[in-house]
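Student: Residue numbers (UniProt numbering), protein chains in the order written: chain E, 1 to 70; chain A, 1 to 490.
We put the beta carbon where it would ideally sit given N, CA and C, even for glycine.
(1) Using a beta-carbon distance below 8 Å, is residue 402 (chain A) in contact with chain E?
(2) What residues in the region 354–383 of chain A bring their beta carbon closer than 7 Å to a beta carbon of chain E?
(3) Drop a sphere of 10 angstroms on the beta-carbon of residue 127 (chain A), count the other beta-carbons inside from all chains shown, and report buried for 16 or more, exposed for fewer.
(4) Give the secondary structure of residue 388 (chain A) by DSSP, where H, G and I count as helix, E and B as strand, and everything else as coil.
(5) Taking DSSP as the reference, what is the three-state secondary structure of residue 398 (chain A)?
(6) Quick one: grab the DSSP three-state call for residue 435 (chain A).
(7) Along chain A, which residues have their Cβ under 8 Å away from the Cβ of residue 7 (chain E)?
(8) Would you please verify whether the beta carbon of residue 62 (chain E) is less than 8 Å from any beta carbon of chain A?
(9) Using a Cβ-Cβ distance cut-off of 8 Å, determine whether residue 296 (chain A) contacts chain E.
(10) Could you tell me the boundaries of the alpha helix (DSSP H) in which residue 233 (chain A) lies?
(11) With 8 Å set as the bound, which would you pick, yes or no: does the beta-carbon of residue 41 (chain A) sit closer than that to a beta-carbon of chain E?
(12) Does at least one heavy atom of the ligand MN sit under 7 Å from the Cβ of residue 276 (chain A)?
(13) Is residue 350 (chain A) helix, strand or coil by DSSP?
(14) With DSSP run on the structure shown, which of helix, strand or coil describes residue 221 (chain A)?
(15) Can you tell me whether residue 472 (chain A) is helix, strand or coil according to DSSP?
(16) Using a beta-carbon distance below 8 Å, is residue 49 (chain A) in contact with chain E?
(17) For residue 3 (chain E), list the residues DSSP reports as bridge partners.
(18) By Cβ distance, which residues of its chain are closer than 6 Å to residue 363 (chain A), with the 5 residues on each side in sequence left out?
(19) Given that residue 71 (chain E) touches chain A, what residues does it touch there, using C-beta distances under 9 Å?
(20) Could you check if residue 289 (chain A) is buried or exposed, using at least 16 other CB atoms within 10 Å of its CB as the buried criterion?
(21) Show which residues of chain E have a CB atom less than 9 Å away from the CB atom of residue 280 (chain A).
(22) Applying the criterion that 16 or more other CB atoms from any shown protein chain within 10 Å of the CB defines a buried residue, is residue 6 (chain A) buried or exposed?
(23) Keeping to the same chain, check which residues put their C-beta closer than 6 Å to that of residue 424 (chain A); ignore five residues upstream and five downstream.
(24) I'd like the ranges of any beta strand (DSSP E) spanning at least 3 consecutive residues and lying wholly in the region 299–365 of chain A.
(25) For residue 46 (chain E), which residues in chain A fall below 7 Å Cβ to Cβ?
(26) Once you ignore the five residues that flank residue 437 (chain A) on each side, which residues in its own chain have a CB closer than 8 Å to its CB?
(27) For residue 11 (chain E) and chain A, any beta-carbon pair shorter than 8 Å?
(28) Checking 8 Å against the spacing of the C-beta atoms, do residue 249 (chain A) and residue 221 (chain A) come in under that value?
(29) Thinking C-alpha only, which one of A:118, A:9, A:189 and A:44 is nearest residue 51 (chain A)?
(30) Within 8 Å (strictly less), CB to CB, does residue 238 (chain A) reach chain C?
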């Protein structure tokens with residue numbers, strides 16, 4: 001269950017950062033990404049997938065959330 | 001040897017690894033690579049931030065070095081107690097040359113060493129009482145200090161002292177900021193964890209106190225984060241930012257103060273020079289206070305120009321004009337430097353092995369002087385640093401993580417660079433091998449190297465080292481062959 005910090009990069013993409021693992025990857029796809037819910041399975045540019053129960057409403061980035069490995 | 005192909009570089013790595021036992025060779029192989037710009041993620045080609053192999057000569061430091069020496073040490077109006085045996089503080093005292101303004105011993109304390117000087121009885125009975133006593137003594141002897149940090153050395157964690165409790169009690173008693181830092185040297189694999197712990201202690205012990213303090217903000221407030229003012233680096237960076245119209249409200253932590261740190265959450269933009277040691281607190285401020293941060297590079301005119309424009313983009317037209325004005329103003333200045341030194345340095349090859357940001361940031365400055373960096377590596381980088389390095393380095397150049405003394409020597413023997421930039425522990429080995437060397441941790445007692453002013457000094461120093469006549473005297477006359485032997489006059 002890594003603690004993940006999500007932030008926008010300079011070009012507006014969502015970055016997925018896990019300090020303890022030195023992991024900083026771009027988020028490629030989010031299962032649920034609407035104005036009133038955000039979450040589900042999230043895929044990163046290196047192919048790894050993480051899961052979070054959808055949060056509503058969509059959180060403001062940057063923020064820290066707890067993910068599970070999908 | 002001129003440029004190596006990727007195959008040659010890989011062969012060289014294999015050859016160097018041959019002397020190790022099989023298991024060690026397998027482990028070390030992961031830390032060495034030939035650069036390939038096509039790789040977008042460094043984790044595919046290099047492993048970093050792992051425990052050093054027992055038995056090899058590593059050049060790394062410890063968590064205490066990362067916290068006391070790097071992050072907290074330069075905060076000039078606080079007193080940093082090296083809590084534990086006397087040696088850790090004394091042998092690292094003032095070694096980083098973090099310049100500052102102030103009267104040492106009265107209102108600034110950076111170059112002084114405060115220690116609790118642990119003895120056997122402190123290990124046996126615990127050192128909390130001693131800590132409380134020296135905090136009281138400090139308050140009596142140095143009343144102008146703005147706060148105290150307790151930098152733990154190894155025994156503190158081992159014997160389980162409660163430095164947090166002492167700090168809390170004493171903070172209330174004296175009404176000052178007291179920061180317990182759990183940076184025992186045995187934590188983590190290198191000084192890198194010390195940076196992280198120090199960052200976290202700022203977050204937990206400094207920021208909460210600053211909330212609600214009055215601050216007069218302007219739309220142009222920025223901070224310099226991760227510049228330790230080595231030889232005056234932060235000052236030569238600061239003037240450029242101020243000239244373009246920005247207001248620098250804090251320096252972290254070179255020539256920095258506690259008040260500046262407390263003001264930082266009110267900045268509009270955090271400018272991050274040393275990503276490795278201070279990205280943690282920048283990320284925290286982004287999340288908690290909504291302050292964006294960006295990395296910049298003030299080594300060499302090309303990179304400075306790039307950085308100034310990138311910084312200006314975050315602000316309005318006034319700053320953008322300011323940036324252009326600054327770039328124009330200094331162009332003749334650095335052009336003269338390049339004209340003077342480039343012919344003397346053109347084509348020279350450099351190998352670097354330094355700490356947090358320099359192995360990649362300095363490359364631009366060398367390139368401005370027509371030099372080429374053929375090998376680079378970090379003592380304590382993580383993979384995100386290597387992600388940033390791969391793009392800066394040429395293809396097939398050597399990249400080494402946590403290089404061992406043996407590997408570094410062998411690489412140098414084979415690659416035969418014209419100049420090496422590394423630390424004091426490497427300096428004399430390579431000088432005795434007859435290779436010009438610059439100590440790039442504290443700029444070899446020179447500096448600053450940041451900014452346009454720094455570039456002039458950088459170029460002069462590189463020329464002074466490389467073209468020093470002493471390198472011709474390495475081979476004694478009787479080994480030079482008959483042609484050079486001077487005959488005694490009759």
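Tutor: Well, looking at it:
(1) Answer no: the Cβ-Cβ gap between residue 402 (chain A) and chain E never drops below 8 Å.
(2) So the list reads 382 and 383, given in the order they occur along the chain.
(3) It counts as buried.
(4) Residue 388 (chain A): helix per DSSP, three-state reduction.
(5) Correct three-state label for residue 398 (chain A): strand.
(6) Under the three-state reduction of DSSP output, residue 435 (chain A) falls in the coil class, being neither helix nor strand.
(7) Within chain A, the residues placing a beta-carbon under 8 Å from that of residue 7 (chain E) are 283, 286 and 287, ordered along the chain.
(8) Answer yes: the Cβ-Cβ gap between residue 62 (chain E) and chain A drops below 8 Å somewhere.
(9) Using beta-carbon distances, residue 296 (chain A) does not count as an interface residue toward chain E, since no partner is under 8 Å.
(10) 233–243 is the span of the alpha helix (DSSP H), which, as asked, contains residue 233 (chain A).
(11) Yes, residue 41 (chain A) counts as interfacial toward chain E.
(12) Judged by which ligands are present, the structure shown has none, so any question about the ligand MN falls away.
(13) Of the three classes helix, strand and coil, the one that applies to residue 350 (chain A) here is strand, per DSSP.
(14) For residue 221 (chain A), the three-state secondary structure derived from DSSP is strand.
(15) Residue 472 (chain A) falls in the helix class under three-state DSSP.
(16) Taking Cβ atoms only, chain E reaches closer than 8 Å to residue 49 (chain A), which makes this a yes.
(17) Answer by DSSP bridge pairing, in chain order: E:66.
(18) Sequence-distant partners of residue 363 (chain A) (beyond 5 residues in either direction) whose C-beta falls short of 6 Å from its own C-beta, in its chain, are 373 and 392.
(19) Given that chain E is displayed from residue 1 to residue 70, the structure contains no residue 71 (chain E) and the question cannot be resolved.
(20) Only exposed fits residue 289 (chain A), as fewer than 16 other CB atoms lie within 10 angstroms of its CB.
(21) Within 9 Å Cβ-Cβ: 19.
(22) Residue 6 (chain A) is exposed by the Cβ-count criterion.
(23) Closer than 6 Å at Cβ, skipping near neighbours: 439.
(24) Counting only runs of 3 or more, we get 349–352.
(25) Residues of chain A passing the Cβ test: 41.
(26) Here the set comprises 419, 420, 421, 422, 426, 427, 430, 431 and 465.
(27) At a cut-off of 8 Å between C-beta atoms, residue 11 (chain E) does not count as an interface residue with respect to chain A.
(28) Contact flag set, yes.
(29) Nearest C-alpha to residue 51 (chain A): A:189.
(30) Absent here is chain C; the protein component of the structure consists of chains E and A.
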